[in-house]
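Note that our numbering gives residue 848 to position 848 of the sequence shown, counting from 1, and the numbers run on in steps of one.
Here's the structure, in structure tokens; my notes come after.
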Amino acid sequence: MKMFQFRILLLVLSILLCQSFCPRAYAQEEAVRVGFFEFGDYMFRARSGQYQGLIFEFLQEISRTTGMRYKVVDCGNWTRSLEMLEHDQIDLLPCAFFTPERAEKMLFPNLPLANSFMTISVRDDDKRYTFEDYAALDGMRVGVVANTKNVPALEAFMLQHNVSLALVPYIDMQSMLQALRDKELDGVGITNLGKNNPFRVIAQFSPEPFYIAVNKRKPEILALLNAGLDKIMLRNPSYGQDLYGKYLSTNIAKLQVFTSEEQAFLHEARVITVAYDPTWAPLTYNHPETNEFSGIVADVFQKIQQMTGLKFKFIPMPQDRALSMLTVGEVDAICALTGGFIWDKKLQIRTTRPYLRTAAAQIRRRDDAEAPKHIALQRGYLLSAHVAENNPDKKISFHGTLAECLDALISKKADVAYSNIHTANYLIKNSRYTGLVISPIDSYENDLRIGISRQADARLFAVMDKSLQFLPIEQIDDLVLKHSVPNRETTLKEFIAQYPLGAFSALMVVSLIITVLLGVNLAIKSSSNRRIQMLLHRDTLTGLSNLYKFRQDCTQFLKSADADGHVLLFGDICQFKTINDQFGFSTGDQLLCAYAEILRDNVAENELCARISADMYVLLLRYDGWENLKARLHHMDEKLDIWRQQQEMPYRINTVYGAYTVNRAEGRDVQLMLDLANYARREAKRNSTFNVLLYDEHMRQEALLHQELNGRLETALKEGELVPWFQAKVDMRTGAIIGSEALVRWNHPVHGLLMPGSFIPLFERNGLVVDIDMHIFEQVCMIMQSWRLRNLPLRTVSCNFSRLHFDRPEFPRQLAEIAERYAIPHDLVEVEITESAIMKNPEAAWLRLIQLKQYGFKTAIDDFGSGYSSLGLVQMLNADVIKIDRSFVQRDLPGQRAQIVLGSIIRLALELEMAVICEGVETAEQAAILMRLGCFKAQGFYYATPEPENEFEARLAMQIA
1 MKMFQFRILL LVLSILLCQS FCPRAYAQEE AVRVGFFEFG DYMFRARSGQ
51 YQGLIFEFLQ EISRTTGMRY KVVDCGNWTR SLEMLEHDQI DLLPCAFFTP
101 ERAEKMLFPN LPLANSFMTI SVRDDDKRYT FEDYAALDGM RVGVVANTKN
151 VPALEAFMLQ HNVSLALVPY IDMQSMLQAL RDKELDGVGI TNLGKNNPFR
201 VIAQFSPEPF YIAVNKRKPE ILALLNAGLD KIMLRNPSYG QDLYGKYLST
251 NIAKLQVFTS EEQAFLHEAR VITVAYDPTW APLTYNHPET NEFSGIVADV
301 FQKIQQMTGL KFKFIPMPQD RALSMLTVGE VDAICALTGG FIWDKKLQIR
351 TTRPYLRTAA AQIRRRDDAE APKHIALQRG YLLSAHVAEN NPDKKISFHG
401 TLAECLDALI SKKADVAYSN IHTANYLIKN SRYTGLVISP IDSYENDLRI
451 GISRQADARL FAVMDKSLQF LPIEQIDDLV LKHSVPNRET TLKEFIAQYP
501 LGAFSALMVV SLIITVLLGV NLAIKSSSNR RIQMLLHRDT LTGLSNLYKF
551 RQDCTQFLKS ADADGHVLLF GDICQFKTIN DQFGFSTGDQ LLCAYAEILR
601 DNVAENELCA RISADMYVLL LRYDGWENLK ARLHHMDEKL DIWRQQQEMP
651 YRINTVYGAY TVNRAEGRDV QLMLDLANYA RREAKRNSTF NVLLYDEHMR
701 QEALLHQELN GRLETALKEG ELVPWFQAKV DMRTGAIIGS EALVRWNHPV
751 HGLLMPGSFI PLFERNGLVV DIDMHIFEQV CMIMQSWRLR NLPLRTVSCN
801 FSRLHFDRPE FPRQLAEIAE RYAIPHDLVE VEITESAIMK NPEAAWLRLI
851 QLKQYGFKTA IDDFGSGYSS LGLVQMLNAD VIKIDRSFVQ RDLPGQRAQI
901 VLGSIIRLAL ELEMAVICEG VETAEQAAIL MRLGCFKAQG FYYATPEPEN
951 EFEARLAMQI A
């Protein structure tokens, strides 16, 4: 009995002990206090008394994601809100830009809400100032809210443009704006207020991210805020910028975008001659009744004419002739041109930003399953040039119009043609081309731009480009819908063309029995119309809608208020080709039909699905959260697996999808959203971790850059583009250099100097970072050999290595061989591994570090304090150096508690005979605190920035002198 009581007592004590040492989750007892002051569309109070704006919509999402409750505290103005945050009267301060000084007084989350920029705004009736006329700003009285980052931003603006502004400080924005209305000021320097800015913007500058700052006494709220922001941004990386666009998009009426020189051009401009291809309906064509220039592009030019007052003369001609005339200046512009910098350079023209995104399309015969050997292309288009260039093994024939290309397909003189999706869809509705089928392709860029002759006034290009920049996307979408081909009943003529034998038989019956013919003809016509309509809108194999019908229905649905809250999906069956090869096309067709039936069973009201080609499917589904979407797709995969087992197929069949969340406010058309979802699908297939991936706005550009860098790495290593820079480590007591850290830089021939953050993560994922690390290490050894031969002082150089090296048993030996090749003493080389990398595989890291020490190398734990800090880790690894992470020094150091913790770490490390170096030292105050705590070695911008070899050598030489 006593033993039982003793065990119960021991259990209770253990629980209490664990609770005392384990970190507790933040339990919110009181609502978080959010500071409020009127600040344009960022945050405002509606007449109903409700708080609205970007900030409060973001807070609602954070609250929904984390369960955080909040209440609003009216601070009156920005200056007062700063004081209330410092005096613990509020917990959160929205709309705060980061500065090192503020970081000492408040906490900043890991992620910003969005990016904004500064503006100088004037009264709408003040004609002294025009957009970007910087010389006219000299001597201008500009109001600015005190204690904001707008003050240094305006000072930097003055330096950049060599103007002098008289800055007048105000305690709050409302009184400053009233002073501008009362003509006490010439202008105001304010953060972009968006479409509800009551004044006219004449300058834009200083783009920067803004945050929700946190009371320094409330780190638990910071942790909650970070968790919420992480979840939101992982689910939708562009969430913040989407909200920014919703509330703070540019008000064109308040932004007179043309400079004084451009306005002078508009005032003096002659008639601008513009060439167009009349065969490119519905983009550009001649109206059948008036013979005037018509189409989507014609309406775009009408919008430009309304914005600028320019007068245009439109001349129809073949595209290849238009390009020749544009090059020599015989016409001023081509209205519809796909281009890029290579095309521009080759033709000596300028192309504007794109005004219409249009996918490329492949057209081929419906009954032709063989690989194409002969390609028909329209002359004069970049798409045609790219297709020809990419298919050197195929026969290419060029034609004057796309219709001629399609005729070549019908007559079997060619196997495939390429064009933009709009023109292809328009032409293929002709009954002559019912035997052809269209497939969108995304391997070619096909965005429409305006081409401007280099012989024309340079201001014409600037005016046209700016006009397109500020032409709302929703207006372009309206023009596309306006000119889309309407549904129509199939005519008797089209029926006869498609069914000649049936028509002939019907006519024979007419000639024999007229009365019977009428009934028979009406029955056949009605049945055939239904059949043709089905062929136009249905996939003949599965019975699902085809791409044309899906786009049509989806476009119509997106006009409704229910459209938001949906997601577009573009997917395929991963093992489809293998199944076709192994079991035959008949089994492949059965699989397609089975999956189509699964989709049909799982698509509800106000949802759509379609098969667009081969094993490709598209869906429009309700979106009620990422996890629910993944679960729904997983359920459909499970249904497919049940079918697979019934067919006794030996391996599991999976699908992969790319997703794009629908937001009507973005104004994107269905085809573009499908393109973006398809891009996400390809990314998901490349990364087998995902069976569905949400499109990221930056995904495409990042992928293109990564593809370019990946392809160039081998050349870059051979040609010495990747080089080490050196950042000095110093003794803070004397300023003497005691060593350095080698940091990789890429001198890219196109992108300039690239920082490691832009390429190391890519090569970390594909394993090529191992080659980069070893290349940089060998470069460092060569440089150190050069220093020794020139009698420069040799100090320890630390090199960073990926965690991948520590899984390689040969790694320590390879370092030793390289160092010996250049006669570098091993104790002058310090091998750095980050704390987070160690935690991936602590045992392997421990073993490699022991081997490195056996070879005589020094070892260092980098970024200590950044995430997984453990004194047990320090003891286990027995490294020579601990490098305190810069975030610990820059954000936490001024606090008394942080100093106590850091001082304990320093003393413990020194007692274990380990050196301590603090990274990120940027101020004299930080250096003084660290020395008081017993740390005398540092690395940071206060002492030296990373610098190339020659500049660091000069620093070493100065130390000798």
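A virtual CB, placed ideally from N, CA and C, is assigned to each residue, including glycine.
For residue i and residue j, I'd like the C-alpha separation in whole angstroms.
| i | j | result |
| --- | --- | --- |
| residue 988 | residue 287 | Since the first residue of the chain shown is 1 and the last is 961, residue 988 is not available in this structure. |
| residue 551 | residue 412 | 29 angstroms |
| residue 672 | residue 564 | 16 angstroms |
| residue 605 | residue 699 | 32 angstroms |
| residue 300 | residue 357 | 13 angstroms |
| residue 681 | residue 39 | 40 angstroms |
Between residue i and the rest of its own chain, which residues show a CB-CB distance below 7 angstroms, the 5 nearest in sequence each way excluded?
| i | result |
| --- | --- |
| residue 390 | none |
| residue 759 | 709, 746 |
| residue 665 | 246 |
| residue 53 | 41, 42, 43, 44, 247 |
Tell me whether residue i sits in a helix, a strand or coil according to DSSP, three-state version.
| i | result |
| --- | --- |
| residue 455 | coil |
| residue 651 | coil |
| residue 686 | helix |
| residue 793 | coil |
| residue 463 | helix |
| residue 726 | strand |
| residue 603 | coil |
| residue 52 | strand |
| residue 879 | coil |
| residue 554 | helix |
| residue 565 | coil |
| residue 244 | helix |
| residue 812 | helix |
| residue 300 | helix |
| residue 751 | coil |
| residue 936 | coil |
| residue 947 | strand |
How would you write the range of the beta strand (DSSP E) that residue i sits in, first residue to last?
| i | result |
| --- | --- |
| residue 276 | 272-276 |
| residue 115 | 114-122 |
| residue 204 | 200-215 |
| residue 669 | Neither: residue 669 is in no beta strand (DSSP E) and is coded neither H nor E. |
| residue 617 | 616-622 |
| residue 262 | Element bounds for residue 262: not the beta strand (DSSP E) but the alpha helix (DSSP H), 260-268. |
| residue 374 | 374-378 |
| residue 802 | Residue 802 -> no beta strand (DSSP E), and no H or E assigned at all. |
Residues in its own chain within less than 8 angstroms of residue i by CB, not counting five upstream and five downstream?
| i | result |
| --- | --- |
| residue 384 | 377, 378, 398, 418 |
| residue 150 | 118, 144, 189, 190, 191 |
| residue 444 | 360, 383, 386, 387, 418 |
| residue 782 | 822 |
| residue 460 | 265, 269, 272, 332, 333, 452 |
| residue 953 | 787, 792 |
| residue 24 | Low local confidence applies: a pLDDT of 36 at residue 24 is under 50, so the model's placement there is unreliable, with the coordinate-based value given in what follows. Taken in chain order, the list of residues that qualify is empty. |
Tell me which residue opens and which closes the alpha helix (DSSP H) that residue i is part of.
| i | result |
| --- | --- |
| residue 422 | 421-428 |
| residue 825 | Taken as a continuous stretch (DSSP letters only), residue 825 belongs to no alpha helix (DSSP H), as it is neither H nor E. |
| residue 628 | 626-646 |
| residue 407 | 402-410 |
Does any residue of chain C bring its CB to less than 8 angstroms from the CB of residue i?
| i | result |
| --- | --- |
| residue 204 | The chain inventory of the structure shown lacks chain C, comprising one protein chain alone. |
Using C-beta distances below 6 angstroms, list every residue in its chain close to residue i, excluding the 5 sequence neighbours before and after it, in chain order.
| i | result |
| --- | --- |
| residue 941 | 922 |
| residue 212 | 92, 94 |
| residue 115 | 207, 209 |
| residue 157 | 205 |
| residue 260 | 130, 133 |
Return the residue from the list the options that minimises the CA-CA distance to residue i.
| i | options | result |
| --- | --- | --- |
| residue 705 | 723, 761, 665, 670 | 761 |
| residue 281 | 115, 772, 292, 271 | 292 |
| residue 753 | 187, 614, 723, 68 | 723 |
| residue 242 | 818, 57, 640 | 57 |
| residue 139 | 132, 162, 131, 153 | 162 |
| residue 862 | 667, 776, 685, 839 | 839 |
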